[in-house]
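Asker: Just dropping this structure here.
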Amino acid sequence: MISEKLQKARDFEAQYQKYADEERPLFHVTGGIGWINDPNGFSVYKGEYHLFFQYHPYDTVWGPMHWGHVKTKDFIKWERLPVALAPDAEADRNGCFSGSALELPDGRQLLMYTGVYHVRRTDGIREEFQHQCLAIGDGIDYEKYEDNPVLDASDIPDDASPLDFRDPKIWYDEEENMYYVVVGNRAADGSGSILLFESSDAFHWNFVSVLDACYNDYGRMWECPDFFPLDGKQVLITSPQEMKPVGLEFHAGYGTVALLGSYDKESRRFTRKHVQAIDYGIDFYAPQTLLAPDGRRIMIAWMQNWTTTGCKKQNCRIMGSMTLPRELTIKNNRLIQNPVRELANYHGRKVFYENVLINKEVNLNGIRGRHIDMTVDIRPVDDRSLYSWFKLNLAKDGEHCAVIRYKPNCNTVRIDRTRCGSSFDIVHVRDFLVRPSGGKIRLRVVMDGNSVEIFVNDGEQAATFLLYLDDLRADCISFETEGGSVFMDIEKYDIVID
């Protein structure tokens, strides 16, 4: 049965979403109206890909969390579905927080999410308790489980926090005929940990182990965990709060971390061997993955930054979007990310140049746009002396310009949106290290209006950031060098969505 609160959200979205169409990107997921953040329930159901997300339809700021809902057959064109969950039950009366989804053997879709309720202490402090809940449905409508919550403070270790216990990621292990779920938590020392639970039916759960903990390394609270095998490794991804900067690998604040290692099914313990940032840009958080029927591991994330969410234009109708879904692989003990291959089905006119000599700023006929998929290969003209830097300038119009700069002598890439950024005092510049390559680099850039996603050297690193430009006519692209010349190959496509 659809509750009054859920029906109100559905009606509100249906009434107002058409007014936000002029603000939407071309091929990235947004909410119908209002605010969105973390991706939820990224999963396969009855042969289609479903994506839910944290949703507050009534305003463009974070509020009582609902679950918005879209689906797709190819990760590029998305169909909007009615709001899936509203905070309308005792177990989630103050919000339906992040979670995941899977298809049950009987054909129903199971949603597992964090229900939130607030308690006012005798000293006036408000505490937010979190526990895990279920809803079951048919891909459109969902009924909340009568015995919610299915995991609460009584199910976690004595030193685990019932206040920071959220974001379940569920999966089914065919070999063991068991369901498992990882949940983010904060341990007694104040640092993040990941708790592992198991179930034979997905409804009744038992604690198994502390899968991993950060011991105040790599941030504190570990949010939005995901755990999966990939190319012979086991991968644990999470989004830590309160990160400390570590060189050019991790920046301060909210971050994302991929831990690569091994998993012992006997002891139910994960052993980490390699640690890296997932995205080196400014606007990327809370990634979640699914396993596609063809065996690909696909990841999507919230394309935003908690510290910049107040920096939006007046009278906007939507706030927040998702990244382009990315295919994951592992190479040389690194997590590799590239845009889903389905993007190529929407390539428009091809523009190609080869062996272009760049020794000053250059514009090329046909190379412009704000909805593009463009790959640039750079190599030095003279292997005996490197150029000082190469710049790729985007969204340029004389006043505005976003810059991607590569410095081969120090093996760094810089993203800089200072002249395409908000007038608020927020982060506009970020640097990160890339593999030494003698001045050679490949940059793939996907733009969709005000979003930029960069994939360096065939996905060895990714960097995501947003622009703050009202006018899409700022679409010139130029290339320039200093301190030497380079040869450049470029292949560029406009993205065309029917």
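Residues in the sequence shown are numbered consecutively from -17, following this note's numbering. No residue lacks a Cβ here, since even glycine has one placed at the ideal position from N, Cα and C. Bear in mind the structure is a predicted one, so any value in this text is a computation, not a measurement.
1. Compare the C-alpha of Ala117 against each of Glu442, Ser405, Thr253, Ala184 and name the closest.
2. What residue range is occupied by the uninterrupted alpha helix (DSSP H) comprising Asp(-7)?
3. Output the distance between the C-alpha atoms of Gln270 and Cys383, rounded to the nearest integer angstrom.
4. Taking its Cβ as the centre, do 16 or more other Cβ atoms sit within 10 Å of Pro207, making it buried, or is it exposed?
5. Return the chain-ordered list of same chain residues with a C-beta closer than 6 Å to the C-beta of Ala142, the five sequence neighbours on each side being excluded.
6. Tell whether a beta-carbon distance below 8 Å holds between Gly441 and Gln319.
7. Assess, as a yes-or-no matter, whether the region 378 to 398 is touched by the region 430 to 446 under the definition of 3 or more beta carbon pairs within less than 8 Å.
8. What would DSSP say about Cys392, mapped onto helix, strand or coil?
9. Which same chain residues, not among the five before or five after Ala456, have their C-beta less than 7 Å away from its C-beta?
10. How would you write the range of the beta strand (DSSP E) that Arg168 sits in, first residue to last?
11. For Met356, collect the residues of the same chain with a Cβ closer than 6 Å to its Cβ; drop the 5 residues on either side in sequence, then sort them by chain order.
12. Identify whether Ser80 lies in helix, strand or coil by the three-state DSSP scheme.
13. Going by DSSP, which residues form a beta bridge with Asn188?
14. Bridge partners for Gly97 per DSSP, in chain order?
15. If you count every other CB in all the chains shown that lies within 10 Å of the CB of Lys151, and 16 or more means buried, which is it?
16. Taking the alpha carbon of Ser(-15) as the reference point, which residue from Arg250, Ala71, Ala(-4) has its own alpha carbon closest?
17. Which same chain residues, not among the five before or five after Glu324, have their C-beta less than 8 Å away from its C-beta?
18. My assumption, with CB atoms under 8 Å, is that Met47 sits in contact with Pro69. Please give the rounded CB distance.
19. Cα separation between Tyr328 and Asp476?
20. Hey, would you say Thr289 sits closer than 8 Å to Ile176, going by beta carbons?
21. For a test of your reading of the model: does the CB of His329 fall under 7 Å from any non-hydrogen atom of the ligand FAD? Yes or no.
22. Comparing C-alpha positions only, which one of Trp371, Ala444, Leu454, Gly431 sits nearest to Glu462?
23. Quick check: Val11 and Trp60, are their CB atoms within less than 8 Å of each other?
24. Can you grab the Cα-Cα spacing for the pair Ile15 / Tyr37, in whole Å?
25. Just the Cα atoms here: how many angstroms apart are His113 and Leu133?
26. Which residues share a DSSP beta bridge with Leu415?
27. Given this structure, state the Cα-to-Cα distance separating Val478 from Tyr200, to the nearest angstrom.
28. Between Tyr162 and Asn188, what straight-line distance do the alpha-carbon atoms span, to the nearest angstrom?
29. Across which residues does DSSP place Leu306 in a beta bridge pair?
30. How many angstroms separate the CA atom of Lys494 from the CA atom of Pro144?
31. Below 8 Å on the Cβ atoms is my guess for Leu218 versus Leu241; work out the distance and round it to an integer in Å.
32. Determine the direct distance from the alpha carbon of Phe209 to that of Ser244, and round the result to whole angstroms.
33. Ile107: buried (16+ other C-beta within 10 angstroms of its C-beta) or exposed?
34. Would a C-beta distance cut-off of 8 Å place Cys196 and Pro222 closer than the cut-off?
35. Since Gly50 sits in a beta bridge, which residues does DSSP pair it with?
Answerer: Looking at the atomic coordinates:
1. Comparing Cα-Cα distances from Ala117 to each of Glu442, Ser405, Thr253, Ala184, the minimum goes to Ala184.
2. Note, Asp(-7): alpha helix (DSSP H), -14 to -2.
3. When rounded, the distance between both Cα atoms is 31 Å.
4. The C-beta of Pro207 has 16 or more other C-beta atoms within 10 Å across all chains shown, which makes the residue buried.
5. These residues qualify, in order along the chain: Asn167.
6. The criterion of a C-beta distance shorter than 8 Å is satisfied by Gly441 and Gln319.
7. Touching, per the Cβ criterion.
8. Under the three-state reduction of DSSP output, Cys392 falls in the coil class, being neither helix nor strand.
9. Ala377, Lys378, Asp379, His382, listed in sequence order.
10. Residues 160 to 168.
11. Excluding five sequence positions before and after Met356, the CB atoms of its chain that fall closer than 6 Å to its own CB belong to Val427, Lys474, given in chain order.
12. Reduced to three states, the DSSP call for Ser80 is strand.
13. Paired residues: Glu180.
14. Paired residue(s): Cys78, His113.
15. Buried.
16. The candidate whose alpha carbon is nearest that of Ser(-15) is Ala71.
17. Within the same chain, Glu324 has close Cβ partners Asp56, Phe57, Ile58.
18. About 7 Å separates the CB atoms of Met47 and Pro69; that is less than 8 Å, so the two are in contact.
19. Between Tyr328 and Asp476, the C-alpha separation is close to 8 Å.
20. At the C-beta level, Thr289 and Ile176 stay beyond 8 Å of one another.
21. In terms of ligand content, the structure shown is empty, and the ligand FAD therefore cannot be addressed.
22. Glu462 has its Cα closest to that of Trp371, out of Trp371, Ala444, Leu454, Gly431.
23. In this structure, Val11 places its C-beta atom within 8 Å of the C-beta atom of Trp60.
24. Near 9 Å, if we compare the C-alpha coordinates of Tyr37 and Ile15.
25. Cα to Cα, His113 sits roughly 6 Å from Leu133.
26. The partner list for Leu415 (beta bridge, DSSP) reads Thr394.
27. Taking the straight line from one Cα to the other gives about 40 Å.
28. Rounded to the nearest whole angstrom, the C-alpha separation of Tyr162 and Asn188 is 10 Å.
29. Per DSSP, Leu306 has no beta-bridge partner at all.
30. This structure leaves residue 494 out entirely; the chain is present only between -17 and 480.
31. About 4 Å separates the two Cβ atoms, so the contact holds.
32. Each residue's Cα considered, the two are about 11 Å apart.
33. Label assigned to Ile107: exposed.
34. Here Cys196 is near Pro222, since their CB atoms are less than 8 Å apart.
35. Residue pairing for Gly50: DSSP places it in a beta bridge opposite Phe35.
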